[in-house]
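Counting along the sequence shown from 1, when you hit position 68 you're at 68 in UniProt numbering, and nothing is skipped either side.
Positions of the beta carbon are idealized from the N, C-alpha and C atoms, including for glycine.
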Amino acid sequence: MSAADSPGLTDTDPTDRERVPEPDELTVLVVDDEPVNVLLLEMILKARGFNVATAEDGAKAVDRVRDGHCDLVLMDVMMPGMDGYDATRHIKRIEAETGRFIPVLFVTALTDEKRLAECVACGGDDFLTKPISRVQLNAKIDSWLRTQAMHRTLQGQHDELERHQQRLDMEQQLARRIVGKAVASPVLETPGLRYRYHPAEILSGDILLAGCTPGGRLMLMLGDFTGHGIAAAIGVIPLSNIFRSMTRKGFSPAEVLREADARMCEALPAEMFLAAITLELDPVSRTLTVWNSAMPPLLVIGRDGTVRHRIGSSQLPLGVDGAHSPGRELPTMLELQAGDRLFLCSDGVVEAGGRQPFGQQQVEQVLTESAPDQGVERLEQALVAHLGHDLPGADDITFVELDCGRLLSELAGCREADGLAAETGPDVRQGEWGCEIRLGAALLRRMNPLPLLLGAVERLHGPVQQRQSVYMVLAELYANALEHGLLGLDSGIKKTEDGFVAYYEMRESRLADLAEGEITFRLRNEGERLVIRVEDDGPGFDYQGLQAWLAENQMQADASDGDDPEAEALVTPAGRGLMLVSALCERLEWQGRGNCVEAVFRW
1 MSAADSPGLT DTDPTDRERV PEPDELTVLV VDDEPVNVLL LEMILKARGF NVATAEDGAK
61 AVDRVRDGHC DLVLMDVMMP GMDGYDATRH IKRIEAETGR FIPVLFVTAL TDEKRLAECV
121 ACGGDDFLTK PISRVQLNAK IDSWLRTQAM HRTLQGQHDE LERHQQRLDM EQQLARRIVG
181 KAVASPVLET PGLRYRYHPA EILSGDILLA GCTPGGRLML MLGDFTGHGI AAAIGVIPLS
241 NIFRSMTRKG FSPAEVLREA DARMCEALPA EMFLAAITLE LDPVSRTLTV WNSAMPPLLV
301 IGRDGTVRHR IGSSQLPLGV DGAHSPGREL PTMLELQAGD RLFLCSDGVV EAGGRQPFGQ
361 QQVEQVLTES APDQGVERLE QALVAHLGHD LPGADDITFV ELDCGRLLSE LAGCREADGL
421 AAETGPDVRQ GEWGCEIRLG AALLRRMNPL PLLLGAVERL HGPVQQRQSV YMVLAELYAN
481 ALEHGLLGLD SGIKKTEDGF VAYYEMRESR LADLAEGEIT FRLRNEGERL VIRVEDDGPG
541 FDYQGLQAWL AENQMQADAS DGDDPEAEAL VTPAGRGLML VSALCERLEW QGRGNCVEAV
601 FRW
């Protein structure tokens with residue numbers, strides 16, 4: 001690459017711009033209608049070595065300047081036709097258009113102060129009064145030539161900075177498109193999910209990620225890196241890659257956060273971190289699980305417009321230290337009700353306005369006074385009114401509103417469509433195969449086997465058309481073996497007020513203390529069927545009663561008229577997960593003492 005092609009280098013040497021040219025390199029334009037005056041000035045200038053051009057009136061002087069044939073102008077005031085004042089105004093307009101600084105020095109016999117002041121007011125840079133002093137004239141010319149050289153230097157630097165800025169803008173726009181592709185997800189266009197994103201600069205430290213797990217759960221993360229602009233956007237792509245990859249494989253939000261925490265600690269400088277709020281919506285249990293790491297509170301707004309829950313920050317930001325926040329394992333859980341809306345935002349919303357911030361209270365007021373489908377627009381309008389200008393403010397602004405009933409219905413629809421995929425055509429057959437995975441207490445305490453199991457199925461079988469349904473069957477059978485077979489948890493706890501929170505706190509506590517016990521997974525492909533067998537070494541249970549209950553509830557579900565889909569979507573009877581597995585599978589059968597279950601899935 002040549003020097004001329006190198007970024008930041010120009011054809012003009014900066015030292016050339018700063019040098020005052022020699023007189024024989026410069027042309028001085030003398031404008032006067034009196035030949036005697038022209039001759040006198042011409043003699044003085046040529047004695048210095050300057051090139052001299054002349055014009056007898058203002059119009060010809062303007063033409064000379066427009067042709068680029070002069071570097072400095074000595075201008076008379078009173079001339080026939082266009083006088084010196086008008087000519088100077090035209091010359092200064094040319095100067096503004098071309099970026100060339102052309103000093104105009106009035107040489108006049110006028111002594112009236114107002115007329116002399118007009119010399120400067122019309123754009124003249126200086127004036128000399130007649131009779132002309134050779135010393136004074138040369139001193140003035142030298143002074144303005146130095147100023148002209150300084151102007152050339154400043155103009156060159158300005159042009160260079162402008163080229164740098166244009167290149168930087170192009171690079172940032174390219175980076176923005178790359179980041180945009182990295183975070184894009186069709187899930188963000190799901191009906192019931194509405195958001196606004198207003199970056200303070202071309203690149204933003206705010207990031208909004210969404211995806212569906214193989215089990216049909218919605219995972220959404222709103223993150224806010226320290227600062228904004230290029231520096232803040234550095235972590236967006238690696239975070240997006242972690243989120244998308246792990247969500248697709250079926251890892252839990254806590255596992256995604258642990259991995260992101262570790263990666264942020266490795267990749268980001270000490271002064272940078274990521275505040276984030278992560279949520280998971282489960283269309284089967286109709287529950288919301290939230291991890292809030294140093295973000296404004298997530299709001300749960302009920303059908304009546306009141307704030308039912310404020311889920312504030314309870315965890316450290318990601319990337320603060322490598323020890324990981326223990327709160328990643330104990331999120332906030334709650335059961336959703338018909339008509340619930342969720343709202344989450346970056347701190348740019350709450351802090352908009354600087355010394356007079358918009359504030360959390362005003363956010364809540366706007367949302368609770370808005371109709372369910374107008375919260376986003378009303379909040380945007382309120383922010384613009386508060387700031388007195390269009391968004392954004394000094395910081396990136398991002399906010400999200402979720403209509404839970406509609407979202408859960410959409411997610412359930414996706415799940416049901418996936419379950420029917422087997423009827424639309426067979427997958428590519430890879431022959432019969434089987435595998436067995438046995439996990440003891442130590443492994444069960446520290447790992448989620450579901451991504452491993454689904455990965456094994458996909459590697460052995462090839463692309464799985466109904467991977468979501470396969471994952472849901474595996475997830476539900478594993479959850480039952482672990483939570484009921486080994487940990488001895490009672491699902492009835494979930495029916496009580498705050499029961500979900502109590503249930504999962506108890507689950508994490510008992511799992512951490514699990515000292516013995518194992519779960520064995522046996523998967524076998526039989527052509528058009530996948531046989532899944534899950535066995536634990538717990539005490540088992542009376543599965544006869546469960547099977548009767550499943551049959552009865554399935555009949556009730558089939559008889560439902562579905563007059564209120566939203567209310568139906570938010571009902572959470574115990575065992576709903578097993579009802580779904582029973583509906584997805586060709587056969588579901590418990591064996592032994594109830595500690596072994598076999599599901600036959602037709603793909």
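Item, Value
"Distance between E598 and G425 (C-alpha atoms, nearest Å)", "Unreliable placement is indicated for G425, whose pLDDT of 42 sits below 50; the coordinate value is still reported in the next sentence. C-alpha separation (whole angstroms): 25 Å."
"Distance, R507 Cα to L274 Cα", "28 Å"
"C-beta contact flag for Q361 and V350 at 7 Å", "no"
"Three-pair Cβ contact test at 8 Å for the stretch 438-451 versus the stretch 524-531", "no"
"Beta-bridge partners of L105, as assigned by DSSP", "L74, D126"
"One or two residues paired with R522 in a DSSP bridge", "E436, R533"
"Beta bridge counterpart(s) of S293 as assigned by DSSP", "A276"
"Span separating the alpha-carbon of D32 from that of V38", "6 Å"
"Distance cut-off 6 Å: E380 Cβ against heavy atoms of the ligand FAD", "What this structure holds is no ligand at all, so the ligand FAD is not there to describe."
"Helix, strand or coil at H228 [DSSP, three-state]", "coil"
"Every unbroken beta strand (DSSP E) within the stretch 183-268, with a cutoff of 3 residues, ordered by chain", "193-198, 206-212, 218-225"
"Cβ-Cβ distance between L29 and R66 below 7 Å", "no"
"Residues near V183 in its chain [Cβ-Cβ closer than 8 Å; skip 5 each side]", "I207, L208, L209, V236, S240"
"Nearest neighbour of I234, chosen from L222, S204, R258 [CA to CA]", "S204"
"Cβ pair count under 8 Å reaching 3, the stretch 210-230 against the stretch 248-255", "yes"
"Whole-angstrom C-beta distance between E476 and G577, which should lie under 8 Å", "4 Å"
"Option nearest K60 by Cα separation, candidates E42, H90, I44", "H90"
"Span of the alpha helix (DSSP H) around V349", "347-350"
"Exposed unless 16 or more other CB atoms sit within 10 angstroms - verdict on L161", "exposed"
"In DSSP terms, what N51 is bridged to", "T27"
"Nearest-angstrom Cα separation, counted from Y197 out to V501", "32 Å"
"Inter-residue spacing [alpha-carbon to alpha-carbon] between G393 and P357", "11 Å"
"Assigned secondary structure, V600 (DSSP; H/G/I helix, E/B strand, else coil)", "strand"
"Per-residue DSSP class, three states only, for V20", "coil"
"Candidates M272, K114, E95, of which the one nearest G223 by Cα", "M272"
"Where H386 sits in the DSSP three-state scheme", "helix"
"3 or more residues per run - each beta strand (DSSP E) lying fully within the stretch 122-176", "126-129"
"Three-way DSSP call (helix, strand, coil) for M447 in this model", "coil"
"According to DSSP, residues forming a beta bridge with R310", "L299"
"Spatially closest choice to residue 626 from F601, R510, L487, by CA coordinates", "Because residue 626 is not part of the residues shown, which for the chain are 1 to 603, the question remains open."
"Meets three-Cβ-pair contact criterion under 8 Å: the stretch 387-401 and the stretch 334-349", "yes"
"C-beta atoms of D390 and L318 nearer than 7 Å", "no"
"Under 7 Å between C-beta atoms of D71 and L105", "no"
"Helix, strand or coil at V473 according to DSSP, with G and I counted as helix", "helix"
"Per-residue DSSP class, three states only, for R66", "helix"
"Under the three-state DSSP convention, the category E423 falls into", "Because E423 carries a pLDDT of 38, less than 50, the predicted location of this residue cannot be relied on, and the following value inherits that uncertainty. Of the three classes helix, strand and coil, the one that applies to E423 here is helix, per DSSP."
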